[in-house]
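Heads up, the thing below is written out as structure tokens.
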Ligand SMILES: CC(C)(COP(=O)(O)OP(=O)(O)OC[C@H]1O[C@@H](n2cnc3c(N)ncnc32)[C@H](O)[C@@H]1OP(=O)(O)O)[C@@H](O)C(=O)NCCC(=O)NCCS
């Protein structure tokens, strides 16, 4: 399959040589991206008891339940921190500067795909992708305003 973009159109040539033409609907003035990477060690040894202020400032109750259900909570905490930071960066590019980490909730579907909700702005569409290793976690985000 080949994909060519010309003048706001995507032209997809399939393997059987048939061609599909689709208009691109993305409005760049309403779209922004963000990215972040952090060291996992910053999130190690955190528990609800010894770090509750830090955790509550950043994560929702459901996010904490999810992260602490994982074998290595620090990696999931770190990845979500990166995703929140990436969302904040993208929002800032769209001149939205009143969203804090705890306003952003990242929960996974039953297939593992992270979904984002911004409590203050339920209509803002956000996509994130997370990744983590022993040492680092990273995430990127795309934000789209209607
Ligand atoms: C999806 C997949 C490629 C992720 O690979 P991975 O190396 O384990 O992932 P990384 O360590 O880079 O990143 C982990 C993060 O990926 C995200 N993730 C997990 N599954 C995902 C999926 N299906 N789609 C998008 N993101 C996914 C999660 O946010 C996860 O972080 P979390 O555990 O803190 O929630 C892997 O789980 C896989 O191959 N799964 C089998 C295929 C599959 O499930 N396909 C989708 C359903 S058809």
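In this note's numbering, the protein residues as written are 964 to 1109.
We treat Cβ as the ideally placed atom computed from N, Cα and C, and that holds for glycine.
Just so we're clear, the structure is a prediction, and the values are computed from it rather than from any experiment.
### Query
Thinking C-alpha only, which one of 993, 977, 982 is nearest residue 1086?
Taking the first residue of the chain shown as position 1, residue 1086 is located at position 123. With distances taken between Cα atoms, residue 1086 lies closest to 993.
### Query
Are the segment 999 to 1006 and the segment 1057 to 1069 touching, with three or more C-beta to C-beta distances below 8 Å?
no
### Query
Mapping DSSP to helix, strand and coil, what is residue 1062?
Counting from one through the chain shown, the residue named residue 1062 turns up at place 99. Residue 1062 falls in the coil class under three-state DSSP.
### Query
Looking only at its own chain, which residues have a Cβ that is under 8 Å from the Cβ of residue 1083, when we skip the five neighbours before and after it?
The count along the chain shown starts at 1 and reaches residue 1083 at position 120. If we look at residue 1083 and ignore the five residues flanking it on each side, its Cβ neighbours are 1061, 1062, 1066.
#### Entry: Residue closest to residue 910, alpha-carbon to alpha-carbon, out of 1013, 1090, 1057, 1058
Past the boundaries of the shown model lies residue 910; the chain is included only from 964 to 1109, so the question cannot be answered.
### Task
Using a threshold of 8 Å, state whether the C-beta atoms of residue 1047 and residue 1039 are closer than that.
Your numbering for residue 1047 matches position 84 in the chain shown. Your numbering for residue 1039 matches position 76 in the chain shown. No, they are not a contact pair.
### Query
Cα-Cα, which of 997, 977, 1072 is closest to residue 1056?
Numbered from its first residue, the chain shown carries residue 1056 at position 93. Checked all of 997, 977, 1072; the closest Cα to residue 1056 is 997.
### Query
Between the C-alpha atoms of residue 1045 and residue 1053, what's the straight-line distance to the nearest angstrom?
For the purposes of this step, residue 1045 is taken as residue 82 along the chain shown, with counting starting at 1. For the purposes of this step, residue 1053 is taken as residue 90 along the chain shown, with counting starting at 1. Rounded to whole angstroms, residue 1045 to residue 1053 spans 12 Å at the Cα level.
### Task
Can you grab the Cα-Cα spacing for the pair residue 1092 / residue 979, in whole Å?
As a first step, residue 1092 is located in the chain shown; it is residue number 129 there, counting from the start. As a first step, residue 979 is located in the chain shown; it is residue number 16 there, counting from the start. Spanning the two alpha carbons is a distance of roughly 32 Å.
### Task
Identify which residue in 1108, 1051, 1037 has its Cα closest to the Cα of residue 1094.
Taking the chain shown and counting its residues from 1, the one referred to as residue 1094 is at position 131. Of the candidates 1108, 1051, 1037, the one whose C-alpha sits nearest the C-alpha of residue 1094 is 1037.
### Query
Are residue 1100 and residue 1041 close, meaning C-beta to C-beta below 8 Å?
The residue labelled residue 1100 in the question sits at position 137 within the chain shown. The residue labelled residue 1041 in the question sits at position 78 within the chain shown. Cβ distance < 8 Å, so residue 1100 and residue 1041 count as in contact.
### Query
residue 1043: buried (16+ other C-beta within 10 angstroms of its C-beta) or exposed?
Locating residue 1043 in the chain shown gives position 80, where the first residue counts as 1. Classification of residue 1043: buried, given that the 10 Å Cβ count is 16 or more.
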